[in-house]
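Numbering (my numbering), first residue to last: 47 to 318.
For every residue, glycine included, the Cβ atom is placed at its ideal position computed from N, Cα and C.
What follows is a single structure, written as structure tokens, with notes after it.
Right, dumping it as structure tokens:
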């Protein structure tokens with residue numbers, strides 16, 4: 047099944063885009079303008095494929111298939127087909143299940159991004175967003191559900207309009223959790239805060255918090271106790287902040303230059 051899905055997905059992507067798509071997920075939306083008319087003329091193909099893929103992922107919780115489902119749903123929204131939109135709205139509970147109850151780390155993280163994207167597309171989903179906030183605030187909640195909620199909420203805040211009521215609250219709650227040294231959630235918090243930075247969600251009102259955040263990241267990069275995964279996400283988040291928060295860009299660049307310890311991290315900074 048996984049090999050069949052991979053082959054089918056590549057065929058559909060090549061049909062709809064100019065060549066094989068190899069960009070990372072966070073750049074994916076930038077390519078949606080290049081969807082060909084053929085995809086718009088035959089949206090039934092995408093409807094059937096997304097329904098099939100969703101049914102499969104709900105049973106198997108496969109990481110790669112979840113990634114493909116997210117790609118397909120982004121394309122589905124871009125095609126702006128009523129039948130596809132209805133399919134997404136009717137399956138909110140399924141996307142919630144994938145986000146909050148996936149046991150595999152990689153699958154849960156992609157599911158969280160997927161759930162955030164779907165929730166941000168419909169203004170009637172406010173109760174679902176409020177549920178994520180409650181889970182984040184509940185220290186007795188299962189780790190998997192809190193991590194998923196942190197990821198989803200950060201992306202929701204970045205996807206919604208800049209004036210949305212959740213944005214300031216989202217920035218505050220995510221930064222507060224990061225400052226509280228909840229180490230088991232460091233990775234998800236870095237990803238969410240980095241996404242807010244990438245979408246230029248920070249402004250002058252956040253200056254003090256951003257300075258403290260940068261100092262804390264600098265400490266993490268210097269310690270030998272942090273994993274490479276944490277350090278890579280910290281470097282990526284700093285890269286996003288350097289672009290969206292110009293006042294700190296020189297300081298951030300200095301930190302990045304001093305903290306690069308291997309080829310992989312150098313490559314990561316160059317990509318940023």
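Inter-residue CB distance, residue i and residue j (contact presumed, cutoff 8 angstroms)
i: residue 275; j: residue 233; result: 7 angstroms
i: residue 133; j: residue 112; result: 17 angstroms between Cβ atoms; not a contact.
i: residue 200; j: residue 238; result: 2 angstroms
i: residue 197; j: residue 159; result: 7 angstroms
i: residue 164; j: residue 120; result: With a Cβ gap of about 10 angstroms, residue 164 and residue 120 do not count as contacting.
i: residue 146; j: residue 92; result: Contact doesn't hold; Cβ gap of about 26 angstroms is too wide.
i: residue 210; j: residue 168; result: Rounded, the Cβ-Cβ distance is 13 angstroms, inconsistent with contact.
i: residue 302; j: residue 284; result: 6 angstroms
Same chain only: Cβ atoms within 7 angstroms of residue i, ignoring 5 sequence neighbours per side
i: residue 55; result: 114
i: residue 246; result: 290
i: residue 235; result: 196, 220, 223, 224
Simplified DSSP assignment, three categories, for residue i
i: residue 215; result: helix
i: residue 303; result: helix
i: residue 273; result: coil
i: residue 231; result: helix
i: residue 97; result: helix
i: residue 257; result: helix
i: residue 290; result: helix
i: residue 168; result: coil
i: residue 226; result: coil
i: residue 220; result: helix
i: residue 69; result: Because the pLDDT of residue 69 is 48, which lies under 50, any placement of that residue in the model is unreliable, and the number read from its coordinates should be weighed accordingly. Three-state DSSP puts residue 69 in coil, outside helix and strand.
i: residue 107; result: coil
i: residue 112; result: helix
i: residue 247; result: coil
i: residue 54; result: helix
i: residue 155; result: helix
i: residue 192; result: helix
i: residue 297; result: helix
i: residue 142; result: helix
Residue i Cβ short of 6 angstroms to the ligand MG heavy atom set
i: residue 109; result: The ligand MG is absent from the structure shown, which contains no ligands of any kind.
Close Cβ partners of residue i (< 6 angstroms) along its chain, the five nearest in sequence each way excluded
i: residue 148; result: 107, 154, 157
i: residue 71; result: Below a pLDDT of 50, predicted positions are generally treated as unreliable, and residue 71, at 48, falls in that range; no measurement from the model is reported.
Nonlocal neighbours in the same chain, by C-beta distance under 8 angstroms from residue i, ignoring five residues either side
i: residue 175; result: 165, 199, 202, 212
May I ask you to verify whether the region 135 to 143 touches the region 92 to 104, counting CB pairs closer than 8 angstroms and requiring at least 3? Counting Cβ pairs under 8 angstroms, three or more are found: they touch.
Mind the definition here: the region 208 to 222 touches the region 262 to 271 only if three or more C-beta pairs lie below 8 angstroms; say whether that holds. no
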